[in-house]
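Notes to accompany the following structure.
Protein chains in written order, with our numbering: chain A, 5 to 541; chain B, 121 to 579.
If you want it as structure tokens, here you go:
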């Protein structure tokens, strides 16, 4: 049973009129016979509509800063905010120096009522002193929570004084939870300050090895980044820095030395990618290491960019050997998955990326969407100039990078760049809509009510989402897969990740547990044979 | 305020790996135990999302909680418009019988008067009979433990009337597992008494699989029952550690003259005896034979295990009420509670625990308002060999090699937190077995080699 405009209207009719009018703009059914289909995104969630979105603090501290392992991330606020963002994203990190890996720590100023009344600056500055004494980190971040901005704590001044006192960088992020409309505001705030204060502060002028790249928007959930790095290193690339999964402050400082920036999650990191191009002349390439074909295509595009015979040969050799190894295993799983249907609703890029894996497994994606993406993530970057800046975006501090006169260097000639742009997505992202089939539905900021309604109409075999939906889906008798935390599995990126994903999804379908979902008394007699006066015959 | 002295309170400012969550979290849990209720968190939507995420991961259940999604504009002009909109939408989509509103740091810092806003809302909508309950629960106002009891008290203040006298006993429970709640109900059924159990999230947060799925789950304390709690014979409140200011049982006593029996969670022989005896005392009913048998079986098991238990040196941490209950079990079984800790600031805790451990041959270390860095340091100093508490204690295992018996809320890295049975005679036995077996498991791991080294290698 497919979706059509009439059925969609039936679902929306259940809303109060105002809500209906609003939600209608966030949903469309893909049609390729029209040139553009506009979606409303990155606008306020309607109060009382149960969204999966979080706050600016979650996007800044939770997503972008949290994975940087060799900085201590201090949460300035009441205890809850720190607690709730403690080890909840499964961004793995391993450090050569175990004393400089703070990934498992939750550090909070634990503001009390008196701090709200009298201000929390003194406490914050004491906490920084204590953190320096306990951990001796190379740098510190301070993330603001809702009350901080309201009571007017000047975190910037505290940071500045602490820098002078301790001689290490102390970065202050005004990512109060009420800023913007979702996590997305926090990504932007984090991007701005990493660009302004960290990137380019390293003293390397050139990368120490050939083919240096940065991997942007890879958060190493379940080890994704490690699998991607494995492949890249095997081909011969030098990974300067990863932002920010298993990321390191020391490495990010030298991110300016890369010759190419790879962008995995466009939503959370495109600001840094753009600014790196402006400041240092380094182009960025949209990659997608989710899915076998996605990985192959990304690798080939990188080879085209560097245009080096040996690198190209090695790329093809690695692809061939990886395929020979994994395809037979992958195909076994495909047999289980073939012909099934999926919903794919994740944060800001995976809602698109994971459709690759579903297609390769023979699973059709009926519905997809993002929690906190912008219009360009759905419709492609060409719509960016037409997006109006609203009041909510205006309260995110503005930062524009300027050309670094000393270090700016065109990595490829303008002519070559144009030539490449015709072939590969350099500085380009076409968005989710481009890859979706006609008749499939795209939903922005899907909520619990719509989740249930779309499931009832389209009856997908699997729903990939996060923990807040997981149990609704499972209670409806449908296979679910968490694509935020991977249900404590992974990696799902790269070649090995594709196999792991195929295995996990297949096992989800094949589990004997589902056989008991329909109780026997619903469709068959409880007892075989006939009941007579003496018992069962 | 908690009583502080140099012994048990940290003078550091930093909280390194917290042992508590914030007030609205407790408010949500309390409201989840009311029949057909929905909760709105008045504040930035991240609060609601984070708390739903943590509750869902512990209970493995859908946790629908609304938010008024305040943004920067709301911080300037107030959140009334957003809150009213949230109420409209929650009512339309969920058709709840009650809506509970808890606040956040944001709402409280900008000084939102939610009682006035909701009062006006009900007048404007001409639905003044509809129950909306409010609780001011700023994140900086206390831990989830205080938020839980404070919200329970607020619900009573807004719903409970001077009802006609009835034969029921109010049973007010802390944040225990759905399995624990069901066990308490089973015990009450065995005692053949009439009661109102408040709150009751044994079904709402541990729902059986059934088709079709419905947005609102069955179960929860009935609103009519909450209204009539003012006419009960007595209140038994498992809240021995809580202060009077947030005590729902104390409120019922002061407001309606209902005698309050404030007792510990029935964990361990003594505390369960107190629970059973209190019921017997109030109702004049005899303790049924089967209950006596359960007690006998617990004693039999305790004797069987005592030779292993005395080797245990425990660190107990989490919410004050649960920690106190576990401390009693440890003391009764010769597991020395070397460190007893909570992240909450609860005045009576120190005094109660001090009394509970008074007969131990060594001095226990009691920590309040603490974090895991202090708990770990004290555990190392106290040569602890077993931890009992929520899953955040995995930090003790990772950094201090202390095996952990997971108990309480939250349990995020294992399944089944909602099914852990630890109350009553039977539940105590099950928890004690988990403790004893964890001690044994660790002993077996290295017993032969350590014995060999001790007796043969040194000579």
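Just so you know, even glycine gets a beta-carbon here, dropped at the ideal spot from N, CA and C.
Let's test the definition: count the other Cβ atoms within 10 Å of the Cβ of residue 119(A) and tell me whether it reaches 16, buried, or not, exposed.
Counting from one through the first chain, the residue named residue 119(A) turns up at place 115. Counting Cβ neighbours within 10 Å, residue 119(A) comes out buried, since at least 16 surround it.
How close, in whole Å, do the beta carbons of residue 559(A) and residue 291(A) come, if the pair is a contact with beta carbons under 8 Å?
With chain A running from 5 to 541 in the structure shown, residue 559(A) is simply not present.
Between 189(B), 559(B), 215(B) and 395(B), which lies nearest to residue 308(B) when the distance is taken from Cα to Cα?
Position 188 of the second chain, counted from the first residue, corresponds to residue 308(B). Nearest of 189(B), 559(B), 215(B) and 395(B) to residue 308(B), Cα basis: 395(B).
Mapping the DSSP letters down to three states, classify residue 258(B) as helix, strand or coil.
Mapped onto the second chain, residue 258(B) falls at position 138. The answer is coil: DSSP assigns residue 258(B) none of H, G, I, E or B.
Whole angstroms are fine: how far does the CA of residue 237(B) sit from the CA of residue 23(A)?
Taking the first residue of the first chain as position 1, residue 23(A) is located at position 19. Taking the first residue of the second chain as position 1, residue 237(B) is located at position 117. Answer to the nearest angstrom: the Cα atoms are 21 Å apart.
Cβ neighbour criterion (16 or more within 10 Å) applied to residue 523(A)
Working through the first chain from its first residue, we reach residue 523(A) at position 519. So residue 523(A) ends up on the exposed side.
Apart from the five residues just before and just after residue 274(B), which ones in its own chain have a Cβ nearer than 7 Å to its Cβ?
Mapped onto the second chain, residue 274(B) falls at position 154. Only 253, 254 and 255 meet the Cβ criterion.
Look at the Cβ atom of residue 435(B), then the Cβ atom of residue 458(B), and state whether they are nearer than 8 Å.
Within the second chain, numbered from 1, the residue matching residue 435(B) stands at position 315. Within the second chain, numbered from 1, the residue matching residue 458(B) stands at position 338. In this structure, residue 458(B) lies closer than 8 Å to residue 435(B) by Cβ.
Do you know offhand how far residue 546(B)'s Cα is from residue 326(B)'s?
In the second chain, the residue the question calls residue 546(B) occupies position 426. In the second chain, the residue the question calls residue 326(B) occupies position 206. C-alpha separation (whole angstroms): 20 Å.
Residue 243(A) to residue 233(A), Cα distance in whole Å?
Taking the first residue of the first chain as 1, we reach residue 243(A) at position 239. Taking the first residue of the first chain as 1, we reach residue 233(A) at position 229. Going from the Cα of residue 243(A) to the Cα of residue 233(A) covers about 7 Å.
At the level of alpha carbons, what is the spacing between residue 550(B) and residue 250(A)?
In the second chain, residue 550(B) corresponds to position 430, counting from 1. In the first chain, residue 250(A) corresponds to position 246, counting from 1. Near 41 Å, if we compare the C-alpha coordinates of residue 250(A) and residue 550(B).
Can the beta-carbon of residue 361(B) be found less than 8 Å from the beta-carbon of residue 468(B)?
Position 241 of the second chain holds residue 361(B). Position 348 of the second chain holds residue 468(B). Yes, they are a contact pair.
So is residue 525(A) in contact with chain B if we call contact Cβ pairs under 8 Å?
Position 521 of the first chain, counted from the first residue, corresponds to residue 525(A). Interface with chain B (8 Å Cβ-Cβ cutoff): residue 525(A) is excluded.
Does chain B have any CB closer than 8 Å to the CB of residue 20(A)?
Start at 1 with the first residue of the first chain, and residue 20(A) comes out as number 16. Answer yes: the Cβ-Cβ gap between residue 20(A) and chain B drops below 8 Å somewhere.
Given a threshold of 16 other Cβ atoms within 10 Å of its Cβ, counted over all protein chains shown, does residue 205(A) qualify as buried or as exposed?
Here residue 205(A) is taken as the residue at index 201 of the first chain, counted from 1. With fewer than 16 Cβ atoms within 10 Å of its Cβ, residue 205(A) is classed as exposed.
Report the three-state DSSP secondary structure of residue 288(A) (helix, strand or coil).
Residue mapping note: residue 288(A) aligns to position 284 of the first chain, counting from 1. Residue 288(A): strand per DSSP, three-state reduction.
Could you give the distance in angstroms between the alpha-carbon of residue 21(A) and the alpha-carbon of residue 168(B)?
By 1-based counting over the first chain, the position of residue 21(A) is 17. By 1-based counting over the second chain, the position of residue 168(B) is 48. So the alpha carbons of these two residues sit roughly 25 Å apart.
Flag this pair as yes or no: are the beta carbons of residue 174(A) and residue 144(A) separated by less than 8 Å?
As a working note, residue 174(A) is residue 170 in the first chain. As a working note, residue 144(A) is residue 140 in the first chain. Contact flag set, yes.
Counting C-beta neighbours from all protein chains within 10 Å, is the total for residue 520(A) 16 or more, i.e. buried, or is it exposed?
Here the question's residue 520(A) lines up with position 516 in the first chain. Its Cβ having fewer than 16 others within 10 Å, residue 520(A) is exposed.
Measuring only the C-alpha atoms, how far is residue 493(A) from residue 418(A)?
Counting from one through the first chain, the residue named residue 493(A) turns up at place 489. Counting from one through the first chain, the residue named residue 418(A) turns up at place 414. If I take the Cα positions, the gap works out to 43 Å.
Measure the CB-CB distance between residue 267(A) and residue 221(A) and report whether it falls below 8 Å.
Taking the first residue of the first chain as 1, we reach residue 267(A) at position 263. Taking the first residue of the first chain as 1, we reach residue 221(A) at position 217. In contact: residue 267(A) and residue 221(A) (Cβ atoms closer than 8 Å).
With a threshold of 16 other CB atoms inside 10 Å of the CB of residue 125(A), please say whether the residue is buried or exposed.
Walking along the first chain from the start, residue 125(A) turns up at place 121. When all chains shown are included, residue 125(A) counts as buried.
Closest by CA to residue 209(B), which one among 324(A), 525(A) and 52(A)?
Numbered from its first residue, the second chain carries residue 209(B) at position 89. Of 324(A), 525(A) and 52(A), the residue nearest in Cα terms is 52(A).
Quickly, what does DSSP pair residue 525(B) with across the bridge? List them, please.
As a first step, residue 525(B) is located in the second chain; it is residue number 405 there, counting from the start. 508(B).
Near residue 163(A), which residues of its chain fall below 7 Å by C-beta distance, leaving aside the five closest residues on each side in sequence?
Here residue 163(A) refers to the residue found at position 159 when the first chain is read from its first residue. Contacts found: 146, 174, 175 and 176.
Drop a sphere of 10 angstroms on the beta-carbon of residue 126(B), count the other beta-carbons inside from all chains shown, and report buried for 16 or more, exposed for fewer.
Taking the first residue of the second chain as position 1, residue 126(B) is located at position 6. Caution is warranted here: a pLDDT of 49 is assigned to residue 126(B), below 50, making its placement in the model unreliable, and the coordinate value is therefore given only provisionally. Exposed is the call here.
By Cβ distance, which residues of its chain are closer than 6 Å to residue 443(A), with the 5 residues on each side in sequence left out?
The residue labelled residue 443(A) in the question sits at position 439 within the first chain. So the list reads 6, once near-sequence residues are dropped.
Would you mind listing the beta strand (DSSP E) stretches within the stretch 288-318 of chain B that are 3+ residues and don't spill past its ends, in chain order?
Listed in chain order, they are 289-292 and 315-318.
Runs of alpha helix (DSSP H) lying entirely within the stretch 304-355 of chain A, each at least 4 residues, in chain order:
When DSSP assignments are scanned along the stretch 304-355 of chain A, the uninterrupted stretches of alpha helix (DSSP H) that are 4 or more residues long and fall wholly within it turn out to be 313-341.
Can you give me, in chain order, the residues of the stretch 190-208 of chain B that have a beta carbon less than 8 Å from any beta carbon in chain A?
190, 191, 192, 193, 194, 195, 202, 203, 205, 206, 207 and 208
Just to confirm before moving on: does the CB-CB distance between residue 378(A) and residue 46(A) stay below 8 Å?
The count along the first chain starts at 1 and reaches residue 378(A) at position 374. The count along the first chain starts at 1 and reaches residue 46(A) at position 42. For residue 378(A) and residue 46(A), yes; Cβs fall inside 8 Å.
Check this for me: beta carbons of residue 346(A) and residue 465(A), under 8 Å apart or not?
One-based indexing of the first chain puts residue 346(A) at position 342. One-based indexing of the first chain puts residue 465(A) at position 461. Closer than 8 Å, so yes.
Contacting positions in the stretch 52-72 of chain A - beta carbon closer than 8 Å to chain B:
If the cut-off is 8 Å between Cβ atoms, the stretch 52-72 of chain A has 52, 53, 54, 55, 56, 57, 58, 59, 60, 61 and 62 near chain B.
Could you confirm whether any beta carbon from chain A is found closer than 8 Å to the beta carbon of residue 460(B)?
Taking the second chain and counting its residues from 1, one reaches residue 460(B) at position 340. Residue 460(B) does not count as touching chain A.
Would you say residue 341(B) and residue 155(B) are within 8 Å of each other, going by their C-beta atoms?
For this step, residue 341(B) is matched to residue 221 along the second chain. For this step, residue 155(B) is matched to residue 35 along the second chain. For residue 341(B) and residue 155(B), yes; Cβs fall inside 8 Å.
Report yes or no: is there a C-beta of chain A within less than 8 Å of the C-beta of residue 510(B)?
Translated into the one-based positions of the second chain, residue 510(B) becomes position 390. No, residue 510(B) does not count as interfacial toward chain A.
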